[in-house]
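In order, the protein sequence lines correspond to chains A and B.
Residue numbering for the first sequence follows my numbering, beginning at 1 and increasing consecutively.
Residue numbering for the second sequence follows my numbering, beginning at 484 and increasing consecutively.
What follows is a short report on a single structure.
Number of protein chains: 2
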Amino acid sequence: MLKHECQQVASQTLYETVAGRIAYLVEEGTLRPGERVPSIRSLSKQLGVSINTVKEAYSHLEDRRLIEARPQSGYYVRARLPDLPDEPVVDEPALRPTEVSLGKVYRMVMKDQLNPGLVPFGLAIPDPELLPIDKLNRMLSSASRRARTQAVSYALPPGSEKLRTQIARRALSCGCTFSPDEVLITSGCVEAVVLALRVLSRPGDTILVETPIYFNFLQQIEDLGLKTLEIPASSRDGISLDALGYALEHTQDRIAACLVISNFNNPLGGQVPDENKRRLVELLEQYQVPLIEDDIYGDLSFADKRPVVAKAYDRSGNVLLCSSFSKTLAPGYRVGWIAAGRYQEQIERAKMLANVATATPTQLAIAEFLSTGGYDHHLRTIRRVYARQVAQMADAIGRYFPVDTRVTRPLGGFILWVEMPQQISAMKLYEQARQVGITFAPGPLFSASGKYQNCIRLNAAFWRDEIDGAVATLGRLAQEQLR
Amino acid sequence: MLKHECQQVASQTLYETVAGRIAYLVEEGTLRPGERVPSIRSLSKQLGVSINTVKEAYSHLEDRRLIEARPQSGYYVRARLPDLPDEPVVDEPALRPTEVSLGKVYRMVMKDQLNPGLVPFGLAIPDPELLPIDKLNRMLSSASRRARTQAVSYALPPGSEKLRTQIARRALSCGCTFSPDEVLITSGCVEAVVLALRVLSRPGDTILVETPIYFNFLQQIEDLGLKTLEIPASSRDGISLDALGYALEHTQDRIAACLVISNFNNPLGGQVPDENKRRLVELLEQYQVPLIEDDIYGDLSFADKRPVVAKAYDRSGNVLLCSSFSKTLAPGYRVGWIAAGRYQEQIERAKMLANVATATPTQLAIAEFLSTGGYDHHLRTIRRVYARQVAQMADAIGRYFPVDTRVTRPLGGFILWVEMPQQISAMKLYEQARQVGITFAPGPLFSASGKYQNCIRLNAAFWRDEIDGAVATLGRLAQEQLR
Chain A
1 MLKHECQQVA SQTLYETVAG RIAYLVEEGT LRPGERVPSI RSLSKQLGVS
51 INTVKEAYSH LEDRRLIEAR PQSGYYVRAR LPDLPDEPVV DEPALRPTEV
101 SLGKVYRMVM KDQLNPGLVP FGLAIPDPEL LPIDKLNRML SSASRRARTQ
151 AVSYALPPGS EKLRTQIARR ALSCGCTFSP DEVLITSGCV EAVVLALRVL
201 SRPGDTILVE TPIYFNFLQQ IEDLGLKTLE IPASSRDGIS LDALGYALEH
251 TQDRIAACLV ISNFNNPLGG QVPDENKRRL VELLEQYQVP LIEDDIYGDL
301 SFADKRPVVA KAYDRSGNVL LCSSFSKTLA PGYRVGWIAA GRYQEQIERA
351 KMLANVATAT PTQLAIAEFL STGGYDHHLR TIRRVYARQV AQMADAIGRY
401 FPVDTRVTRP LGGFILWVEM PQQISAMKLY EQARQVGITF APGPLFSASG
451 KYQNCIRLNA AFWRDEIDGA VATLGRLAQE QLR
Chain B
484 MLKHECQQVA SQTLYETVAG RIAYLVEEGT LRPGERVPSI RSLSKQLGVS
534 INTVKEAYSH LEDRRLIEAR PQSGYYVRAR LPDLPDEPVV DEPALRPTEV
584 SLGKVYRMVM KDQLNPGLVP FGLAIPDPEL LPIDKLNRML SSASRRARTQ
634 AVSYALPPGS EKLRTQIARR ALSCGCTFSP DEVLITSGCV EAVVLALRVL
684 SRPGDTILVE TPIYFNFLQQ IEDLGLKTLE IPASSRDGIS LDALGYALEH
734 TQDRIAACLV ISNFNNPLGG QVPDENKRRL VELLEQYQVP LIEDDIYGDL
784 SFADKRPVVA KAYDRSGNVL LCSSFSKTLA PGYRVGWIAA GRYQEQIERA
834 KMLANVATAT PTQLAIAEFL STGGYDHHLR TIRRVYARQV AQMADAIGRY
884 FPVDTRVTRP LGGFILWVEM PQQISAMKLY EQARQVGITF APGPLFSASG
934 KYQNCIRLNA AFWRDEIDGA VATLGRLAQE QLR
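This is the structure we're talking about:
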């Protein structure tokens, strides 16, 4: 039976399938908090898999805080589980496009990041301790010396061929088959998305976005003189296809593009089912609205295999897939890319106009890392750490925040979206938290229409047990607002 | 008397003053082609300066192709001189703003650059042989390893403090006193100019530009939905202040900014007199029109000391000074900067929105080079080479191109602007030249209003005596068009 399941879920490894079955039993209540889970030996026999596979599965479930080992006694369902808050629900759609003006808050959150005195729950940046710093810096050095003249010369668009070849190869695991020529290197993923927005739109146009949406995108949309139409999204299903279809049918405005983060969405952290991705691509194709897909978190799946992208279902070149290595390797290297389908030539021109080219040495270093640096091994390591940290932080939120607080259960990435009781003001909490040395991203940043006043986004990448106290402080401040 | 002159021209070194006097005698016809110039010893006595100073002055004049040494005989005014074509004259002003649409030619010239089979007279890029490649790549390596975590992390705007400090220090030689906080690092000078244009304008606005103007700027202006108003400029005086004043007074359109390259203008190569810079700044201040000043060639003065920038006369923060290290150190590092006066905060926000930050390792490497790499020594070397190459290429143009061809005599940088007889089509020449393996930038790219049909811009940075043949080919093709 297990073998059969494995064939069905071809994207999973054996230990994940085993872990998934235990998790299912826990989540459905068959195994209840505090109960003992089957011993490694017995489960190994029962399922006909090796001892090591079960060990690996249990270790994974420990990381996810679903079970815990007790010395000389075996594995148990964690008692904390019932305290874990529910997932936030998403709002109803609003069909009127809104102009954005949250610039001041945005700049404050960005500035906070430069302040080393603050606990950094704010920007969604990875923990440098989890980046392969020394190896990357070594490769930066060796690749530049080897390339010599090339390293100081322009890597004119589309950018380093070696890097584009590596990206095209890896795209297979996203369900895409590109040639290197279909990839353009950008200075990070944000630049890729901005170039796409600029090429596709004219001032006054409307961009369909998920809500909540990564605040940088909202700022960009404002900056380009565009409007947003916020389509509700859930962490489980992604952008609501019903609401999207309704908006496409009924909106009076000229819609220039639809912008989504399909895997481990910022801020919701969910993973859109493949079927929804396919339907999303088809729906937009039908209305001739280009899809800008941001997959920057795709490689940070808590499962061992990363999910496919919506672009995998693109038959007409209508999807512009954007990503980068800023979450997995080196944000400071500023190396991202876009596979822009039928808009590739326009994007290439826009890139040249924006800054001629992306820096060459960092392209060479990333190319080297992808080809010989053990990127997959590195990903396996950090995925597991982030899975654990996200669970630990969610656990702490459950312990310290007011009753009725809800939190996402991300399947990848390292951020959490927290919905506190209605009476709590995220902006007030933000001000109070900064005064005691903590920064985070307040919910109102994630909407152009005044939503999420009682929500906050927390970065779990820097989680340490010592930081538990900072979550406790946030929880206490939130509790005080209720009084 | 010489001492007195030196005090007057405080920006010149002694040998430059000596060279200037001989050049004056040559240019005014006191010393005529083929005539012997005073011996080193006699001039040294006559002027009361050292033998070495005169030697250095003569060496400089040789580089500029004004004099030549004949073995066992002394120095002579070069016979070629009378063949050197005149400077091009500039057109009359046109007061109607024009929309730009030269995208196709622009892309072709950019693409040509990737073709190693073409003689590269096209883009204005420096000769990699003249870049301190190994030293830079070493510093890239050492600075990144030393900074370790910092090297892979965001250098969020305003960017690396170490680099901004170095830039602020060097700004003294441009006549400016900045604090490091007044400088924002960008991904090259083009990005700095684009950010300035974007922050200052709304679609439909007009930008006042010099004509001819660097074609990338025209493309950017088109891309932003802006119009240009072309103000005539000469290589000697820069943008015509009379025409500019007239335009400011009479144009109906909303003028968002004025954009100039004040030192060694691309394509004219001239150096605007300080007095004109002061008047330009005051005039624009009076009309409350911000000045975007591009100084990317400023460090490549053929004199030993670089000229000041217009920003030196800015009292109100109305000037946005843009530059980079792409012409002097490493185009591929993509490190530029902007000192945006009272627009600094807005530009900083625009930078974050465009691509979050500039790559960190290349910032660290350039900072290291500026502080310990001997940048001034490096500049002295390449200035002399470019001065010689520019003169040699101009000389070849004089030999091979049709009678009545005019060419600029740049005082810095490495490009030449060539005006051929009216009947010759630069676009036709461009097509023919590509077929025989030569690329250049055709004149029409440098105007939005159809000017410069008979002009071309040539890059002298790659000059070698062997390339003389390519100039001969261009000349022959041009001659053929006349038949």
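Idealized CB from N, CA, C, for every residue including glycine.
Predicted model, so just to flag it, every value in this text is computed and none were measured.
Sorting B:F945, B:A955, B:E949 by C-alpha distance to the C-alpha of E612 (chain B) places B:F945 at the top.
Where L960 (chain B) is concerned, there is no enclosing beta strand (DSSP E), although the alpha helix (DSSP H) around it starts and stops at 951-965.
Counting along the chain, the unbroken beta strand (DSSP E) around K227 (chain A) starts and ends at 227-234. Distance from the Cα of K645 (chain B) is smallest, within the candidate group B:L960, B:R889, B:L853, B:R866, for B:L853. Secondary structure of L763 (chain B) (DSSP, three-state): helix. With three or more CB-CB distances shorter than 8 Å, the region 183-198 of chain A counts as touching the region 342-355 of chain A. For the options A:R279, A:Y297, A:T17, A:V152, the alpha carbon positioned closest to that of P410 (chain A) is the one of A:Y297.
When CB distances to chain B are screened at a threshold of 9 Å, the residues of the region 102-119 of chain A falling below it are G103, Y106, R107, M110, K111, Q113, L114, in chain order. Between I690 (chain B) and A740 (chain B), the gap from beta carbon to beta carbon is short of 9 Å. In summary, D299 (chain A) is buried, with 16 or more beta-carbon neighbours lying within 10 Å of its beta-carbon over all protein chains present. Closest in C-alpha terms to L364 (chain A), from the list A:Q286, A:Y15, A:S153, comes A:S153. The Cβ of L482 (chain A) sits no closer than 9 Å to any Cβ of chain B. Cα atoms of N265 (chain A) and E419 (chain A): separation of roughly 16 Å, rounded to the nearest angstrom. Within the region 17-32 of chain A, not one residue has a Cβ closer than 7 Å to any Cβ of chain B. For the pair N459 (chain A) and A233 (chain A), the CB atoms are not nearer than the 9 Å cut-off.
Ranking A:P421, A:L329, A:L416, A:V356 by CA distance to the CA of Q596 (chain B) puts A:V356 first. If you draw a 10 Å sphere on the C-beta of N52 (chain A), you find fewer than 16 other C-beta atoms in it, and that means exposed.
Across the structure, E776 (chain B) and P814 (chain B) are spaced so that their CA atoms are roughly 19 Å apart. The contact set of N137 (chain A) on chain B, defined by CB atoms closer than 9 Å, consists of S624, S627, R628, A630, R631, A634, V635, P844 in chain order.
In summary, N216 (chain A) is buried, with 16 or more beta-carbon neighbours lying within 10 Å of its beta-carbon over all protein chains present.
Beta-carbon to beta-carbon, A310 (chain A) and L291 (chain A) are separated by about 6 Å, close enough to satisfy the 8 Å threshold. Interface annotation for the region 697-713 of chain B against chain A: N699, Q702, Q703, D706, G708, criterion Cβ-Cβ distance under 8 Å.
Put simply, the backbone Cα of I366 (chain A) is about 12 Å away from that of I133 (chain A). Taking a Cβ-Cβ threshold of 7 Å, the residues of chain A close to V839 (chain B) are G188, V190, in chain order. Not a single C-beta of chain B is nearer than 9 Å to the C-beta of Y386 (chain A). Ranked by Cα distance from D295 (chain A), the options A:G317, A:L284, A:S262 are led by A:S262. For R464 (chain A), there are no C-beta contacts with chain B under 8 Å, since the nearest C-beta of that chain is about 16 Å from it. Secondary structure at A124 (chain A): coil, using DSSP grouped into helix, strand and coil. With 16 or more other Cβ atoms inside 10 Å of its own Cβ, T811 (chain B) counts as buried. Counting the other Cβ atoms within 10 Å of the Cβ of T372 (chain A) gives fewer than 16, which makes it exposed. For T17 (chain A), the closest alpha carbon among the candidates A:S39, A:A478, A:L61, A:Q453 is that of A:L61. G317 (chain A) is not a Cβ neighbour of G336 (chain A), given a cutoff of 9 Å. Taking each of A:D205, A:P267, A:R21 in turn and checking the Cα distance to G122 (chain A), the smallest one comes out for A:P267. Taking every protein chain shown into account, the CB of E949 (chain B) has fewer than 16 other CB atoms within 10 angstroms, so this residue is exposed. Listed as beta-bridge partners of R553 (chain B) by DSSP are B:G557. Taking all protein chains in view, the Cβ of L172 (chain A) is surrounded by fewer than 16 other Cβ atoms within 10 Å, so the residue is classified as exposed.
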